[in-house]
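All residue numbers for the sequence shown refer to our numbering, where the first residue is 3 and numbers rise by one. For glycine and all other residues, C-beta sits at the position ideal for the given N, C-alpha and C.
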Amino acid sequence: MEIVNGSSRYEIGKMVAETEIYRLYLCQQDGAKKQCLMQIAACVEQNSILTRSAFRLKKLEQSAYEVEEEFARLNPGSKTRLDYQLGFPEVIDSFVSVEQGERQINILGFRNVEFVHQMVPLSNITQKDKARIDLKTSAWILGKILKELVFIHGEGYSFEQLDGDSILIEPVQHYAMIFDWSYIEPATDTKRRRDISQVAKAVMLALGFDQKTGTFPPDGDEHFEQYTGFILKLARGEMTSAKKAHEEFYGIVYSIWERTYHDFTEIPLERRN
């Protein structure tokens, strides 16, 4: 199937996900090598949600580049980059398709990622792979999402729901992003606290946290209690500032482990009775 918007043509592949609001299909723009996703409203009544989502993502992209420029101006000669734009999808196109029953379509891409399958939901680790991640793998995932919340909360946004389905990761390049922007609310202390807590809980589940016993599987790391204790603190909603949570989190991480690249590591889940 092909969908056309002005001079842009998109070859549509198989459906890869579905919610009450939209469906996601593999997609390739004519003449482009990189894959993307077509997000199409489930029905016309959901058009406004996808339209607002595209508007917010475009606004965030602009803000991310403005913040980057200001950071570079204040830190001349620094090689450090903030790269906040890597923490959310790129809106390649956004339009209403007459051929698709007047439904809203957003064409979404992942910056620096050539193939869509490289980005996987965090929840896939336990639900699909029947595995868990190790502590050091969880560190870059949680750290990057907390960093993104610093930016998003600073822009005045908060999420109605954040879980392992809406957090995508790219294991090799160590990307972590928030994909679903369907329900966004003005940020308040209560909602910022909830965002931080929900992200921590999503990472806890990826670590193999047992909700019945309230315990993590042993990881064999001497800093296990210190590290998981801080994640539990976040999950309990004890912090409202993503900036403070991010700083304290990396204060712990850098004090217990060397600052080196760590391969994405999955460990098979043990069967539970």
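* Determine the contact status of Ile51 and Cys29, defining contact as a CB-CB distance below 8 Å. => Within the sequence shown, the letter at position 49 stands for residue 51. Within the sequence shown, the letter at position 27 stands for residue 29. No.
* For Tyr86, which residues of its own chain have a beta-carbon under 6 Å away from its beta-carbon, when the five flanking residues on both sides are left out? -> Within the sequence shown, residue 86 is the residue found at index 84, counting from 1. Within the same chain, Tyr86 has close Cβ partners Ala66, Phe153.
* Determine the extent of the alpha helix (DSSP H) in which Ile254 is found, giving its start and end residues. => For the purposes of this step, residue 254 is taken as residue 252 along the sequence shown, with counting starting at 1. First-last of the alpha helix (DSSP H) with Ile254: 244–258.
* To do: Tell me, please, whether the segment 209–217 touches the segment 155–166 by the rule of three or more beta-carbon pairs shorter than 8 Å.
  => no
* **Helix, strand or coil at Thr190 according to DSSP, with G and I counted as helix** => On the sequence shown, position 188 is the one that residue 190 refers to. Here Thr190 sits in coil by DSSP.
* Asked: Looking only at C-alpha atoms, which of Lys132, Asp182, Lys214, Ser10 sits nearest to Tyr24?
  -> For the purposes of this step, residue 24 is taken as residue 22 along the sequence shown, with counting starting at 1. Nearest C-alpha to Tyr24: Asp182.
* Quick one: give me the first and last residue of the beta strand (DSSP E) that Ile323 is part of. => Because the chain is modelled from 3 through 275, residue 323 falls outside the range shown and cannot be assessed.
* Hey, how far is the Cα of Asn49 from the Cα of Arg58? -> For the purposes of this step, residue 49 is taken as residue 47 along the sequence shown, with counting starting at 1. For the purposes of this step, residue 58 is taken as residue 56 along the sequence shown, with counting starting at 1. Asn49 and Arg58: Cα-Cα distance of roughly 14 Å.
* DSSP-derived helix/strand/coil call for Val98 -> Along the sequence shown, read from residue 1 onward, the residue named residue 98 stands at position 96. Three-state result, Val98: strand.
* Would DSSP call Asn275 helix, strand or coil? -> Sequence index remark: in the sequence shown, residue 275 carries index 273 (1-based). In this prediction, Asn275 has a pLDDT of 45, which is less than 50 and means its spatial position is unreliable; what the coordinates show is noted afterwards. Three-state result, Asn275: coil.
* Determine the DSSP secondary structure at Val6, reduced to helix, strand or coil. => Within the sequence shown, the letter at position 4 stands for residue 6. If DSSP states are grouped into helix, strand and coil, Val6 belongs with the strands.
* Nearest-angstrom Cα distance between Arg75 and Ala133? -> In the sequence shown, the residue the question calls residue 75 occupies position 73. In the sequence shown, the residue the question calls residue 133 occupies position 131. Distance between the alpha carbons of Arg75 and Ala133 is about 44 Å.
* Mapping DSSP to helix, strand and coil, what is Asn49? -> Position 47 of the sequence shown, counting from 1, holds the residue named residue 49. Three-state DSSP puts Asn49 in a helix.
* Which ranges does the alpha helix (DSSP H) cover as unbroken runs of at least 4 residues, wholly within the segment 127–178, from first to last along the chain? -> 137–156
* Is Asp32 near the ligand SAM, judged by its Cβ being under 7 Å from some heavy atom? -> As for the ligand SAM, it is missing from this structure, which has no ligand bound.
* Please say whether Gln163 and Asn108 have beta carbons closer to each other than 8 Å? => Position 106 of the sequence shown, counted from the start, is the residue given in the question as residue 108. Position 161 of the sequence shown, counted from the start, is the residue given in the question as residue 163. No, Cβ-Cβ distance for Asn108 and Gln163 is not below 8 Å.
* Could you tell me if Pro220 is buried or exposed, where buried requires 16 or more neighbouring beta carbons within 10 angstroms of its beta carbon? => Your numbering for residue 220 matches position 218 in the sequence shown. Classification of Pro220: exposed, given that the 10 Å Cβ count is below 16.
* To do: With DSSP collapsed to three states, give me the class of Lys16.
  => One-based indexing of the sequence shown puts residue 16 at position 14. Three-state result, Lys16: strand.
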